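**Q** Residue numbers (our numbering): 39 to 373.
From the three backbone atoms N, C-alpha and C, an ideal C-beta is built for every residue, glycine too.
Since we're looking at a predicted model, the values are computed, not measured.
Starting off with a structure, shown below.
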Amino acid sequence: MDDFLRKLPKCEHHIHLEGALTPELLFKLAKKNHVQLPPTDPAFANPETLKARYKAFTCLDDFLAYYYVGMSALLDATDFEALAWDYFQHAAADGVAHAECFFDPQAHISRGVTYDIVLQGFEAARQRAQAELGISSELICCFLRHLPPSDCLDTIRNPAVQASMTAGQVIGIGLDSSEKDFPPQLFTEVYDEARALGQNLTAHAGEEGPPSYISSALDDLKVSRIDHGIRLIEDSALLKQIADQGTLLTLCPLSNVYLKCVTSVSELPIRAFLNAGVRFSINSDDPAYFGDNYLLDNYLAVQEAFQLTAQEWVGICEAGIKGSWCAEERKEELL
Ligand code: ES4
Ligand code: ZN
39 MDDFLRKLPK CEHHIHLEGA LTPELLFKLA KKNHVQLPPT DPAFANPETL KARYKAFTCL
99 DDFLAYYYVG MSALLDATDF EALAWDYFQH AAADGVAHAE CFFDPQAHIS RGVTYDIVLQ
159 GFEAARQRAQ AELGISSELI CCFLRHLPPS DCLDTIRNPA VQASMTAGQV IGIGLDSSEK
219 DFPPQLFTEV YDEARALGQN LTAHAGEEGP PSYISSALDD LKVSRIDHGI RLIEDSALLK
279 QIADQGTLLT LCPLSNVYLK CVTSVSELPI RAFLNAGVRF SINSDDPAYF GDNYLLDNYL
339 AVQEAFQLTA QEWVGICEAG IKGSWCAEER KEELL
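Okay, structure coming up:
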């Protein structure tokens, strides 16, 4: 079964490229760029102490603090290229055929790194992944929900952001960062503008936040996918609605364990989602922060916990292809 899962052509829809920053690359780039890592936090002594600290995340916000420090080492286009290339190499080893990758422009622009620098690095890695690894990819621009909606609006109105969307370099938007107390409806205007630009729409909802955040993402933001959505299991009417609509949930099993949303993968409602006909894909989220677990590790963890049949896995991967945002011709190749 492990070999079957490795060889299965997989789509990944929920990978934050900044979440692929390994402690090794972080220390290397911090040194190159003369960026000082927090001197008062002993976790930043070396890559090993940092990895040990990553094993003790208490919740989403505890992780996010490290995630944003990590980004501070990314300054020029070659840094972003190295980061994304690192991810694509892991993806190739895991049998990923197609990846739709999140990135967080506000976290870079606020540090004086322009959007074009970020995009230039990611574009170079994507082209190399296509040419050398045969991996197709897309970019999804995420908005940080802990920042004021006005900051998100300024970002989507940034001419460089608009140009990337018009040119098809960025094909969709997402909403991430701290979830509790930042409900989707705060970002209705951002999503209205993205929709007018022809962008695909998704949002993190129901990771730590309540099922009402999933409803708000659907009703107010009009998303076609939900990132995480595990708390959907608490609302049976909404569960039925999502199953009927065919909305894809992008589940991240090991992320949920590392961030203490559940105590083990077996606690996730994966069997219930299958029984109810809820479509989902399996994803790695922030692999370098969650035990160096990339996509295949997540597939294997689900398999260990739920003992799915080959037919069930083929069905999961088919739902993932159909729920992808790539060109129709690429979907047909994948199917
Ligand atoms: C994230 Cl796991 C998760 N949740 C919300 N926002 C994020 N950004 C990066 N990883
Ligand atoms: Zn995520």
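(1) Apply the 10 Å Cβ neighbour rule to K69 and answer buried if 16 or more other Cβ atoms are within range, or exposed otherwise.
(2) Under a criterion of Cβ closer than 6 Å to any non-hydrogen atom of the ligand ZN, which residues qualify, in chain order?
(3) How big is the Cα-Cα spacing for E176 and E305?
(4) Following the continuous alpha helix (DSSP H) through G159, name the residue where it begins and the one where it ends.
(5) Do you know offhand how far L102's Cα is from S215's?
(6) Taking a contact to mean a Cβ-Cβ separation below 9 Å, would you say L312 touches Q279 in this structure?
(7) Going by DSSP, what residues sit across from K48 in a beta bridge?
(8) Among the candidates R195, A281, E245 and D282, whose CA atom is the shortest distance from the CA of L289?
(9) With a cut-off of 8 Å on the beta carbons, I'd call P307 and I268 a contact; round off their distance for me.
(10) Among residues of its own chain, excluding the 5 on either side of N294, which ones have a beta-carbon nearer than 7 Å to its beta-carbon?
(11) Counting C-beta neighbours from all protein chains within 10 Å, is the total for N84 16 or more, i.e. buried, or is it exposed?
(12) Measure how close the beta-carbons of K260 and C97 come, nearest whole angstrom, since I'm counting them as under 8 Å.
(13) In the DSSP assignment, the alpha helix (DSSP H) including S253 goes from what residue to what residue?
(14) What are the complete beta strand (DSSP E) segments, minimum 3 residues, inside the stretch 70-142?
(15) By the 10 Å Cβ neighbour count, where 16 or more other Cβ atoms means buried, how is V316 classified, buried or exposed?
(16) Is E245 near the ligand ES4, in the sense that its beta carbon is under 8 Å from a heavy atom of that ligand?
(17) R309: which of I354, R91 and A122 sits nearest, CA to CA?
(18) Can you list, in chain order, the stretches of the alpha helix (DSSP H) that have 4 or more residues and sit fully within the stretch 281-331?
(19) Mind checking whether V134 and P143 have CB atoms under 9 Å apart?
(20) Look at the alpha carbon of L338 and the alpha carbon of Y92, and state the distance between them as a whole number of angstroms.
(21) Taking the beta carbon of V303 as the centre, do at least 16 other beta carbons fall within 10 Å, making it buried, or is it exposed?
(22) Considering only their Cβ atoms, is the gap separating L64 from W351 smaller than 9 Å?
(23) Under DSSP, the beta strand (DSSP E) around E176 begins and ends at which residues?
(24) How many angstroms separate the CA atom of Y332 from the CA atom of S322?
(25) To the nearest angstrom, report how far apart K360 and L276 are at their CA atoms.
(26) I'd like the list of long-range same chain contacts for L213, defined as Cβ closer than 7 Å, with 5 residues on each side in sequence excluded.
(27) So E170 and I194 are in contact, right, with Cβ under 8 Å, and what is the actual spacing, rounded?
(28) Nearer than 8 Å: is that true of the beta carbon of D40 relative to any heavy atom of the ligand ES4?
(29) Per DSSP, L270 is paired with what?
(30) May I ask you to report which of helix, strand or coil DSSP gives R263?
(31) Can S293 be considered in contact with the ligand ES4, in the sense that its beta carbon sits closer than 8 Å to one or more heavy atoms?
(32) Could you work out which residue in E371, K45, F140 and L88 is closest to I209 when comparing CA atoms only?
**A** This is what the structure holds:
(1) exposed
(2) H52, H54, D214, H242, D265 and D323
(3) 31 Å
(4) Y153 to R166
(5) 7 Å
(6) no
(7) V134
(8) E245
(9) 6 Å
(10) I268, V300 and L306
(11) exposed
(12) Their Cβ separation, rounded to whole angstroms, is 29 Å, which puts K260 and C97 out of contact at 8 Å.
(13) P249 to D257
(14) 134-141
(15) buried
(16) yes
(17) I354
(18) 291-296 and 308-314
(19) no
(20) 21 Å
(21) buried
(22) no
(23) S174 to L182
(24) 5 Å
(25) 21 Å
(26) C180, F181, R183, P222, F225, A241 and H242
(27) Not quite, the Cβ-Cβ distance comes to about 33 Å (not below 8 Å), so this is no contact.
(28) no
(29) The partner list for L270 (beta bridge, DSSP) is empty, contrary to what the question assumes.
(30) strand
(31) yes
(32) F140
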